[in-house]
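*Asks:* Residue numbers (the working numbering), protein chains in the order written: chain F, 514 to 755; chain P, 514 to 755. Even for Gly, the Cβ is constructed at its ideal location relative to N, Cα and C. Since we're looking at a predicted model, the values are computed, not measured. Here it is, the structure, as structure tokens.
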């Protein structure tokens, strides 16, 4: 074990924090400030420069990209005879915000995140807080170690214990029912509305929007009404964080 | 130099091909079949299994993800005081299809790509052929070597010689003028049309679509008409590969 790790784990005043992180990560973190930054929501960002607050948003940008690459490779190798459309869809089932929120919760990241709970802004309410911190954590691991370590963390600590890829493969997410169910539960009104249709016969393109309590939450365009509704509903689920 | 490289470079019947590739890559490729696959367009894909053709599309999926991660890191480090919105925008300036087509042309990949020029399908006409092969090449490098080698290739062989990031930073892509200029040049008619507006005052949301020769090519939604048009125009530029 490198000296810096021994220091972090046994001597540093942060040793409690280091032990918690080590349990999550599977290795002793070196540069603690990266991890602290990963768990700092923008509502408690430090003003570093005029117009610039230091929060986990930049690390989230980086982590999102690293996660995307690792999952791409994993699916590429797991499914040698599936085309890129399938791979893209499978990846978005894994890395969508709701799934990342769940994973973040399973890892217990909630306790580590610092945020201003008075500023009950939309992000916090919608709970993307957890998924954002999850991606930022991956960005932090990448900078603290390297690509191989991020890949190992994602594979061994996330995918193997928490993601059942074969089950995900079977689940066709039915966004329309998901949205309707959610609206019923929340006592909200949902309507799908045809905005326009263009072309004729098979080449007719439908443009549909979905309204929740008369407010538009998404649009979808496709050659069948059913698919256009599905796309609009998917967009609405994303915006509403359902 | 490993024996496999010596064999590929001096003995193999593919040695001419290996030399061309070595010039492009900056290293001697090991697994040639990966590179051959990267340059095989789907119009000449081999039937491997029922319903599955082996072409560069899967490698493109992988390469796109690796490229995204490498560019994310590069921008993250180059701009320590810029927020994730800026980083995302800069990345899309670098990895958009048109720019990748240009880079691919500069690397001379056009000569290596095999495709069926009789099947004048949309992809080939629109010229995304080059950018697709470029991404697939990065996927091939990743599988042939590793992440570090892909990163080195992208940094040393693409970014340093061919991308002027500071100039890109200054250029605000004006998609509306770009689209209008292109339509004038091609003798096509372009119209922006307000589909709907919702809400009141500052919270009024405009939904605009752009028609080229009466056919819809994109929609945009924003709180100002100008921005909604910009988004719609950007979408149309993407679809039309302008």
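DSSP state of residue 704(P), grouped into three classes?
*Replies:* strand
*Asks:* Residue 720(F) and residue 746(F) - do their beta-carbons sit closer together than 8 Å?
*Replies:* no
*Asks:* Cutting at 7 Å between CB atoms, please list the residues of its own chain near residue 580(F), excluding the five before and the five after it.
*Replies:* The residues are 608, 648, 651 and 667.
*Asks:* Could you say which of 744(P), 681(P), 731(P) and 717(P) lies nearest to residue 612(P) if we only look at CA atoms?
*Replies:* It is 681(P).
*Asks:* Express the C-alpha separation of residue 585(P) and residue 661(P) in angstroms, rounding to a whole number.
*Replies:* 14 Å
*Asks:* For residue 672(P), which residues does DSSP report across the bridge?
*Replies:* According to DSSP, residue 672(P) bridges with nothing at all.
*Asks:* Helix, strand or coil: how does DSSP classify residue 609(F) here?
*Replies:* The answer is coil: DSSP assigns residue 609(F) none of H, G, I, E or B.
*Asks:* Using a beta-carbon distance below 8 Å, is residue 596(F) in contact with chain A?
*Replies:* Here the protein chains are F and P, and chain A is not one of them.
*Asks:* May I have the straight-line CA-CA distance separating residue 697(F) from residue 534(F), to the nearest angstrom?
*Replies:* Between residue 697(F) and residue 534(F), the C-alpha separation is close to 40 Å.
*Asks:* For residue 693(F), collect the residues of the same chain with a Cβ closer than 7 Å to its Cβ; drop the 5 residues on either side in sequence, then sort them by chain order.
*Replies:* 703
*Asks:* For a cutoff of 8 Å on Cβ pairs, would you count residue 668(F) as touching chain P?
*Replies:* no
*Asks:* Less than 7 Å separating the Cβ of residue 567(F) from some heavy atom of the ligand NAP?
*Replies:* Absence of the ligand NAP is noted for the structure shown, with no ligands found whatsoever.
*Asks:* To the nearest whole angstrom, what separates the beta carbons of residue 589(P) and residue 543(F), a pair I think is in contact under 8 Å?
*Replies:* Residue 589(P) to residue 543(F), Cβ: 18 Å. No contact.
*Asks:* So that I know if they touch, is there some Cβ in chain P lying closer than 8 Å to that of residue 737(F)?
*Replies:* No, because no Cβ of chain P sits closer than 8 Å to the Cβ of residue 737(F).
*Asks:* Measuring CA to CA, which of 600(F), 743(F), 664(F) and 560(F) is closest to residue 678(F)?
*Replies:* 600(F)
*Asks:* So, at 6 Å on beta carbons, what are the nonlocal neighbours of residue 575(F) in its own chain, with the 5 sequence-adjacent residues on each side left out?
*Replies:* 652
*Asks:* Near residue 712(F), which residues of its chain fall below 6 Å by C-beta distance, leaving aside the five closest residues on each side in sequence?
*Replies:* 718
*Asks:* Using three-state DSSP, classify residue 595(F) as helix, strand or coil.
*Replies:* Note: residue 595(F) maps to coil in three-state DSSP.
*Asks:* Opposite residue 697(P) in the DSSP bridges: which residues?
*Replies:* BP columns for residue 697(P) are empty, so no partner.
*Asks:* Across which residues does DSSP place residue 709(F) in a beta bridge pair?
*Replies:* Paired residue(s): 720(F).
*Asks:* How is the alpha helix (DSSP H) around residue 631(F) delimited, first residue to last?
*Replies:* Residue 631(F) -> no alpha helix (DSSP H), and no H or E assigned at all.
*Asks:* DSSP on residue 589(P), reduced to helix/strand/coil?
*Replies:* helix
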